[in-house]
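Sequence order for the protein chains is A and B. The first sequence runs 1 to 500 under the working numbering. The second sequence runs 501 to 539 under the working numbering.
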Amino acid sequence: MILKPGKKDIKAIGYYLGKIIVGLSLTMVVPILVGLAVGEISPVVDFLISMQAGLLIGIILIKLCNTDCELNWMQGMVVVSLAWIAAMFLGAIPMYLSGHWGSYLDACFDAMSGFATTGLTLVQRLDHMSLTHNLWRHLTLFIGGQGIVIIALSFFVKGASGAFKLYVGEARDEKIMPNVIHTSRFIWMVSIAYLIIGTFVLSLIGIFGGMKPFSAIFHGACIFMAAFDTGGFSPQSQSILYYRSFAFEIATVIIMILGALNFRLHYHIWAGNRKEIVKNIETTTLFVSIITVFSIVAIGLNQSGIYPNAVMFFRKGFFQLISAHTGTGFQTIYSMQFVKEWNHLALVGIILAMGLGGAVCSTTGAIKMLRVGIIFKAFVEDIKRIILPEKAIVIQKFHHIKNVFLEDRQVRSALLITLAYLVLYLIGAYVGMFYGHPFLRSLFESTSASANVGLSCGITSPSMPAVLKVTYILQMWAGRLEFMSVFTLIGFFVAALKGK
Amino acid sequence: MIKRKFFLNAILGISTEVCYALFIMLAALLICFLINLKI
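Written out as structure tokens, the structure is:
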């Protein structure tokens, strides 16, 4: 028998959702202050309107649903999935008011793309956008990369038990510190430390490349946020190609790889356990995966014969590969070059890279390296069982911060999530094919959306059908939250309709 | 003292992570040269 959600459930969900909306609205203070500093009054008004709307809705929810009860698992998961939808609607308001998006749906697409750190965009006339709105696009990456709920956990949510349920609901099931609120603050500390270093390095490269200091700092900060949070938005429509600098590309590749590492790994390495980087199952799997998939791409590009020397191979092939594997979505080639210049083998390599992703508890999307490593270990264990005598006891273990014995429970969980991602990739590809796009291009774009990558082979554009836009929005949302809280939300609505 | 130790460890930790990224890039560059030599 399914139990119908009670008034208590609705109140708890509404109360915590209100708090998260208030937290999100307050982040708009940053673009408002920057807008005032650079004298962009009209964009500041857009953000004031959006912030007021968000605060109003958030405060009404808090007052109406005021409760002191702690969240249970179901409520926590529903709050998280609804919070991401609320963030999309709220974040889209200033974007739509800017006039750079053709419709509110287009603005919602970009807001979800930003918060989910995807990087697919429907923006128009990007090169003429105000600094304030451009900053907001990149701030959505930074907020979404750390986790919308992490903001609320860091500042607004008291009580570690309820906080942990929200944290897990946002696809972050790794406890870095015993207290989840301290964990959230550590995630912010790592991100801000890297923000300062990364922005400094990128700005310096920009200044030496001939940019004005203010412009170099602005571009450095925006590119850092997009690279470390594996988002992929860029201040210019030509993405990283705009800078035409090898040093800038190298720095961006390093930041993308750092962004694809597990925050728990950052913690242990920063705490002095530096050998962990060569022992951890995620870093070893990431290395093997990148080199294997890059070999496929390189063979494909060699067959195409478009890049004359090793350096061009590296700048074009490897950059796109890392951008895909870490789920960032920066490009140093035009979207149509994927279709017109790259052959099918190279494209399949990029799709594979996008589908695999980076580390768990990082800002990347997709299947992720821990699951790939666990599935590989399970295969090895099964092969050993076949080869060795029947009486032999086969034990498989892996190293993830500590030595862990492989259990059926872990393999089952890894396989289920992997299967869910593969189904999601195929659903989007099917919708793309329904609108007349070839299979490989549809799969490319669908994988890019579901795995929160942001590379495009030209399908994503303001003129694409509304159904395809909504499909990609749902893929970005489900892919970012890793399904569990999305399934719980569906279950919640089913229970509300059919429960007793 | 503890803060200073953590700061030093953090700097060394960041360097370790950057070295890991550089190692991946070097391996990829090697592949580029090998492919370019048609090996």
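Cβ atoms here follow ideal geometry from the backbone N, Cα and C, with glycine treated the same way. The structure displayed is predicted, hence computed values, not measured ones.
Between which residues of its own chain and residue i is the CB-CB distance below 7 angstroms, once the five residues before and five after are set aside?
i, result
"residue 511 (chain B)", "none"
"residue 424 (chain A)", "450, 475, 478 and 479"
"residue 75 (chain A)", "9, 12 and 13"
Please determine, among the options, the residue with the shortest C-alpha to C-alpha distance to residue i.
i, options, result
"residue 146 (chain A)", "A:320, A:225 and A:128", "A:225"
"residue 402 (chain A)", "A:135, A:247, A:268 and A:49", "A:268"
"residue 132 (chain A)", "A:198, A:39 and A:444", "A:39"
"residue 28 (chain A)", "A:134, A:344, A:47 and A:99", "A:47"
"residue 493 (chain A)", "A:247, A:192, A:77 and A:34", "A:77"
"residue 526 (chain B)", "A:458, A:254 and A:436", "A:254"
"residue 35 (chain A)", "A:352, A:85, A:134 and A:477", "A:134"
"residue 17 (chain A)", "A:44, A:55 and A:322", "A:55"
"residue 367 (chain A)", "A:479, A:279, A:26 and A:404", "A:479"
"residue 434 (chain A)", "A:422, A:467, A:423 and A:412", "A:467"
"residue 85 (chain A)", "A:412, A:476 and A:491", "A:476"
"residue 301 (chain A)", "A:236, A:222 and A:349", "A:349"
"residue 266 (chain A)", "B:508, B:513 and B:506", "B:513"
"residue 504 (chain B)", "A:113, A:386 and A:270", "A:270"
"residue 357 (chain A)", "A:340, A:386, A:422 and A:343", "A:422"
"residue 436 (chain A)", "A:384, A:25, A:497 and A:465", "A:465"
"residue 340 (chain A)", "A:361, A:313, A:304 and A:322", "A:304"
"residue 537 (chain B)", "A:482, A:307, A:197 and A:355", "A:307"
"residue 144 (chain A)", "A:279, A:439, A:73 and A:23", "A:23"
"residue 411 (chain A)", "A:379, A:438, A:400 and A:387", "A:379"
For residue i, does the three-state DSSP call read helix, strand or coil?
i, result
"residue 380 (chain A)", "helix"
"residue 11 (chain A)", "helix"
"residue 4 (chain A)", "coil"
"residue 509 (chain B)", "helix"
"residue 453 (chain A)", "coil"
"residue 268 (chain A)", "helix"
"residue 394 (chain A)", "coil"
"residue 405 (chain A)", "strand"
"residue 100 (chain A)", "coil"
"residue 437 (chain A)", "coil"
"residue 539 (chain B)", "Here the model assigns residue 539 (chain B) a pLDDT of 49, short of 50, so the residue's position is not dependable and the matter cannot be decided."
Determine the contact status of residue i and residue j, defining contact as a CB-CB distance below 7 angstroms.
i, j, result
"residue 414 (chain A)", "residue 375 (chain A)", "yes"
"residue 469 (chain A)", "residue 109 (chain A)", "yes"
"residue 326 (chain A)", "residue 230 (chain A)", "yes"
"residue 298 (chain A)", "residue 524 (chain B)", "no"
"residue 448 (chain A)", "residue 455 (chain A)", "yes"
"residue 50 (chain A)", "residue 94 (chain A)", "yes"
"residue 442 (chain A)", "residue 451 (chain A)", "no"
"residue 277 (chain A)", "residue 283 (chain A)", "yes"
"residue 117 (chain A)", "residue 363 (chain A)", "yes"
"residue 209 (chain A)", "residue 140 (chain A)", "no"
"residue 207 (chain A)", "residue 193 (chain A)", "no"
"residue 381 (chain A)", "residue 372 (chain A)", "no"
"residue 220 (chain A)", "residue 199 (chain A)", "yes"
"residue 444 (chain A)", "residue 296 (chain A)", "no"
"residue 405 (chain A)", "residue 377 (chain A)", "no"
"residue 310 (chain A)", "residue 533 (chain B)", "yes"
"residue 453 (chain A)", "residue 247 (chain A)", "no"
"residue 431 (chain A)", "residue 488 (chain A)", "no"
"residue 32 (chain A)", "residue 58 (chain A)", "no"
"residue 312 (chain A)", "residue 458 (chain A)", "no"
"residue 516 (chain B)", "residue 244 (chain A)", "no"
"residue 385 (chain A)", "residue 233 (chain A)", "no"
"residue 213 (chain A)", "residue 222 (chain A)", "no"
Could you tell me how far apart the beta carbons of residue i and residue j are, in whole angstroms, since I believe they sit closer than 8 angstroms?
i, j, result
"residue 4 (chain A)", "residue 495 (chain A)", "6 angstroms"
"residue 485 (chain A)", "residue 123 (chain A)", "Contact doesn't hold; Cβ gap of about 28 angstroms is too wide."
"residue 528 (chain B)", "residue 318 (chain A)", "5 angstroms"
"residue 62 (chain A)", "residue 19 (chain A)", "6 angstroms"
"residue 353 (chain A)", "residue 261 (chain A)", "Contact doesn't hold; Cβ gap of about 16 angstroms is too wide."
"residue 460 (chain A)", "residue 119 (chain A)", "Actually they do not touch by this definition, with Cβ atoms about 10 angstroms apart."
"residue 228 (chain A)", "residue 259 (chain A)", "4 angstroms"
"residue 65 (chain A)", "residue 14 (chain A)", "3 angstroms"
Skipping 5 residues on each side, what residues in its chain have a beta carbon closer than 8 angstroms to that of residue i?
i, result
"residue 539 (chain B)", "Unreliable placement is indicated for residue 539 (chain B), whose pLDDT of 49 sits below 50; the coordinate value is still reported in the next sentence. Taken in chain order, the list of residues that qualify is empty."
"residue 332 (chain A)", "239, 240, 241, 249, 315, 316, 319 and 320"
"residue 89 (chain A)", "108 and 111"
"residue 490 (chain A)", "none"
"residue 98 (chain A)", "43, 46, 129, 130 and 133"
"residue 279 (chain A)", "399"
"residue 211 (chain A)", "219"
Using C-beta distances below 6 angstroms, list every residue in its chain close to residue i, excluding the 5 sequence neighbours before and after it, in chain order.
i, result
"residue 218 (chain A)", "none"
"residue 142 (chain A)", "225 and 229"
"residue 286 (chain A)", "369"
"residue 237 (chain A)", "126 and 127"
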